[in-house]
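Inspection log for the structure reproduced underneath, given as structure tokens.
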Amino acid sequence: MTDRASVTVTSSKADLERLARVIRTYIVRETTAAGSGHVTSSFSATELMTALFFHRLRLDLARPEFPNNDRVVFSKGHASPLLYALFAAAGAIPTERLDTLRKLGSPLEGHPTPNFRYADAATGSLGQGLSIGLGMALSAKRLDQLPFMTWVLMGDGELAEGSVWEAAELAGHYELGNLVAICDINRLGQSGPTMYQHHTEIYRARFEAFGWKTHVVDGHDYDALVPLFDSIDGKGNQPVALVARTIKGKGFSLIADKEGWHGKALTPDQAKQCYAELGKPEPDPPGVIAAPEEKTPARPRPTQPPAFDYKVGEKIATRKAYGDALARLGKAMPEVVALDGDVKNSTFAEDFAKAVPERYFDMFIAEQNMVGTAVGLSTRGRVPFVSTFAAFLSRAYDQTRMAVYSRANVKFVGSHCGVSIGEDGPSQMGLEDLAMFRALGQSVVLYPSDAVSTERCVELLITHRGIGYLRTTRPATPVLYCDLDKFHLGGSMVPRRSDADRLTIVGAGITVHEALKAADALAKKNIPVRVVDAYSVKPLDREGLLAHARATGGQLLVVEDHWPEGGLGEAVASAFSFEPSVRVWRMAVQGLPPSASPEDTMRCARIDAAAIQEQAEKLLSSR
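Numbering (this note's numbering), first residue to last: 18 to 640.
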């Protein structure tokens, strides 16, 4: 590989035209070998990205992780053959690897993921790349003060997604002149023409309405593209949109501007026809990508966070303890950032905002963009905490799902969970969130019951690498634990136990306190029961629960403030599906909840102390 240190690139039009031919032949080669893949969507953006890569981009190919590299996000991830062809044309990957596209074990996947070392995030679920790029640009400008640019390639089909315009609005608000959206307006979607086809003035007006500096350009004309890329220096306060009119399938007459070719590879015979039309290009010398400035962020070193101090018995809402914990830890850990969706005074993310305002970002009421931005910040080494009402995280579930494939290190915090929020009513009650986050591959799900466990769970999320979810409760609850109590992923606590216990009641969050009330009432009837706090919902403390079940007659009664589907009860039941000696009984929210006091909503849902006591007595009487 060529040493590109201190290289400045000035590519001639002839150089770029030659490289575009090379890149198109690579696209055909890899997709024909795979028998699938997106040729037409790759061809339409070939000149756009060739001009970017081999004239304007600043990237050290030998160090893709270098902090001051320009970032490139293929939001139209189905154009991955173009992405791989660009790096092959730069000599970064051997050309024979192109033949492994979409094959088992190859980093050249159907849509980009970080398995390909030059892809920061997974794309392919359309409409998310601009939010990811926003997070990268935000990190560069507002946190690390680095001059790198973030370039996001987008298709016109995905410009129908609302998340794109959430990102466009926030990029204008935060004045991110270092963010560029390259919009490939090729007129055709998957099943037919796009909404506005080649009416580029509509896209121009939309971006300009959000404060962007917008250029309409012929996306195949180097005489227009090269000076346009030269004019973008990232130093202004307006993000830049290149609205490029292109032809889908440009370069091969059989497929150019034709419907019915989306996602289809050429046959070997058609590939030969295409090669003949393109003309045999000279693959050498490889294209040269300019090196970035040797600049790295000057981040302060972490310090030891101060201790917290809660008194057993005092009432503190876990959502308030979350704010305390994030502020306490955030001041000591410079990698931690916080994002919130205009509810910071309810989630208590405002405590972090007051403690370290430079690392707090209000994403307003735009949850999809909030999550995508957090993924972008994560790619730059940050640990983002994303908070809003648990119910509203469902609006960004696709972004959350994709964050897993991006290997993002993002922490989600859902407040106002369950029927226990009371009077706000069912639209505000997070009753699906445990199921959502449990379903994510390799995720961690924590549900603390008091202030101490909340503090410890926030610490656990910071040290854990990957997707994590913290569920917090609205009402104030008594502190159960002291600062010396130990918490770990896959653990549980036992706030009530004796050797005479006849049943184990398993709760999390608010239901731990209801279970303790029920245990008090049962004790007056000389019925001792054990109460387990399953604060780690995923991973679950299976071994601990098994020991408790065996010690109390082989039965577990699980109570949760969540729908029966997908929550704590199903987690416990699943854990013991092959353990015939343990019987799992479940209590969860029944019926559509009303708008009423927390006591009334929990009573109606049949998860309050009285319902737990009744069910426990019923189980024990049937033995």
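For each residue, glycine too, the CB sits at the ideal point set by N, CA and C.
Problem set entry | Presumed contact (8 Å Cβ cut-off) between I40 and A102, rounded CB distance | Yes, they are in contact, since the Cβ atoms of I40 and A102 sit about 5 Å apart, within 8 Å.
For this session: With DSSP collapsed to three states, give me the class of C499.
Result: The three-state reading of DSSP puts C499 in coil, since its state is none of H, G, I, E or B.
Problem set entry | the ligand ADP heavy atom lying under 6 Å from the CB of D77 | With respect to small molecules bound, the structure shown includes none, and the ligand ADP cannot be examined in it.
Exercise. Straight-line CA distance for D357 to H215?
Worked result: Straight through space, the alpha carbons of H215 and D357 are spaced by roughly 37 Å.
For this session: Measure from the alpha carbon of A307 to the alpha carbon of each residue in D625, L78, T63, G330, then state which is nearest.
Result: Of the listed residues, the one whose Cα sits closest to A307 is L78.
Exercise. Does the region 443-460 come close enough to the region 581-590 that 3 or more CB-CB pairs lie under 8 Å?
Worked result: Contact between the region 581-590 and the region 443-460 is present, because at least three Cβ pairs lie under 8 Å.
Exercise. First and last residue of the beta strand (DSSP E) that includes L74?
Worked result: Run containing L74: none; DSSP gives neither H nor E here.
For this session: Just tell me which of I522, I624, R547, A535 has its CA closest to the CA of V601.
Result: The candidate whose alpha carbon is nearest that of V601 is I522.
Exercise. Do the region 292-302 and the region 424-434 make contact, defined as three or more Cβ pairs closer than 8 Å?
Worked result: The region 292-302 and the region 424-434 do not touch, with fewer than 3 CB-CB distances between them shorter than 8 Å.
For this session: With a floor of 4 residues, list each alpha helix (DSSP H) that falls wholly inside the region 349-416, ordered by position along the chain.
Result: The region 349-416 is shown to contain whole alpha helix (DSSP H) runs of 4 or more residues at 361-364, 367-372, 384-396, in chain order.
For this session: Since I believe K158 is in contact with L193 (beta carbons under 8 Å), could you give me their beta-carbon distance rounded to a whole number of angstroms?
Result: That pair is a contact at about 6 Å.
For this session: Please confirm whether T130 and T335 have their CB atoms less than 7 Å apart.
Result: Contact flag unset, no.
For this session: Report the residue ranges of all beta strand (DSSP E) runs contained in full by the region 138-192; include only those spanning at least 3 residues, in chain order.
Result: DSSP runs (the beta strand (DSSP E)) wholly in the region 138-192: 167-172.
Exercise. Counting only runs that start and end within the region 512-585, where is the alpha helix (DSSP H) found for 4 or more residues in a row?
Worked result: Qualifying alpha helix (DSSP H) stretches, in chain order: 527-540, 559-568.
Exercise. So, using beta-carbon positions, are T618 and E577 closer together than 7 Å?
Worked result: Taking 7 Å as the cut-off, the Cβ atoms of T618 and E577 do not count as close.
For this session: Return the chain-ordered list of same chain residues with a C-beta closer than 6 Å to the C-beta of H530, the five sequence neighbours on each side being excluded.
Result: Cβ contact annotation for H530 (same chain, cutoff 6 Å, sequence separation greater than five): T494, in chain order.
Problem set entry | Segments of 3+ residues assigned as beta strand (DSSP E) that fall wholly inside the region 280-363 | Restricted to the region 280-363, the beta strand (DSSP E) segments that are unbroken, complete and at least 3 residues in length are 332-334, 353-357, listed in chain order.
For this session: Return the chain-ordered list of same chain residues with a C-beta closer than 6 Å to the C-beta of D625, the five sequence neighbours on each side being excluded.
Result: Excluding sequence positions up to five before and after D625, its CB lies within less than 6 Å of the CB of E531, M619, all in the same chain and listed in chain order.
For this session: Specify, as a first and last residue, the run of the alpha helix (DSSP H) that A456 falls within.
Result: Note, A456: premise wrong, no alpha helix (DSSP H); not H, not E.
Exercise. Taking C-beta to C-beta, are L196 and A154 nearer than 7 Å?
Worked result: Against a cut-off of 7 Å, the Cβ pair of A154 and L196 comes out as a contact.
Exercise. Between the C-alpha atoms of E186 and E113, what's the straight-line distance to the nearest angstrom?
Worked result: Distance between the alpha carbons of E186 and E113: 42 Å.
Problem set entry | Under the three-state DSSP convention, the category A588 falls into | Helix at A588.
Problem set entry | the region 163-173 / the region 111-126 touching (three or more Cβ pairs under 8 Å) | They do not touch, by the three-pair rule.
Problem set entry | Three-state class that DSSP yields for P210 in the structure shown | Of the three classes helix, strand and coil, the one that applies to P210 here is strand, per DSSP.
Problem set entry | For L448, the three-state DSSP class (helix, strand or coil) | In this structure, DSSP gives L448 a state outside helix and strand, which the three-state scheme calls coil.
Exercise. Rounded to a whole number of angstroms, what is the C-alpha to C-alpha distance between V243 and A62?
Worked result: Rounded to the nearest angstrom, the two C-alpha atoms are 14 Å apart.
For this session: Under 8 Å by Cβ, that's how I've got F402 and K428 pegged, so tell me the actual separation to the nearest angstrom.
Result: Here F402 really is in contact with K428; their C-beta atoms are around 5 Å apart, less than 8 Å.
Problem set entry | Selected residue, minimal CA-CA separation from A293, among A282, G277, F269, G280 | Closest by alpha carbon: F269.
Exercise. Apart from the five residues just before and just after S614, which ones in its own chain have a Cβ nearer than 6 Å to its Cβ?
Worked result: So the qualifying residues of the chain are G439.
For this session: Can you have a look at L562 and say buried or exposed, based on whether 16 or more other CB atoms are within 10 angstroms of its CB?
Result: L562 is buried by the Cβ-count criterion.
Problem set entry | Cβ contact check for the region 35-51 and the region 282-298: 3 or more pairs under 8 Å | Yes: the two stretches touch, three or more of their Cβ pairs being nearer than 8 Å.
For this session: Leaving out five residues on either side along the sequence, give the residues of the same chain with a beta carbon under 7 Å from the beta carbon of P298.
Result: R35, R38, V39, T42.
Problem set entry | Reduced DSSP category for Y464 - H, G, I as helix; E, B as strand; rest coil | Assigned with DSSP and collapsed to three states, Y464 falls in coil, not helix or strand.
Exercise. What residue does the alpha helix (DSSP H) around Y43 start on, and which one ends it?
Worked result: Judged by DSSP secondary structure, Y43 falls within the alpha helix (DSSP H) whose first and last residues are 30-51.
Exercise. On the premise that V496 lies in contact with S328, defined as a C-beta separation below 8 Å, what is that separation, rounded to the nearest angstrom?
Worked result: Looking at the sequence provided, one finds Lys at residue 328 rather than Ser. Their Cβ separation, rounded to whole angstroms, is 6 Å, which keeps K328 and V496 in contact under 8 Å.
Problem set entry | Proximity of Y464 and Y552 at Cβ, strictly below 7 Å | In this structure, Y552 lies closer than 7 Å to Y464 by Cβ.
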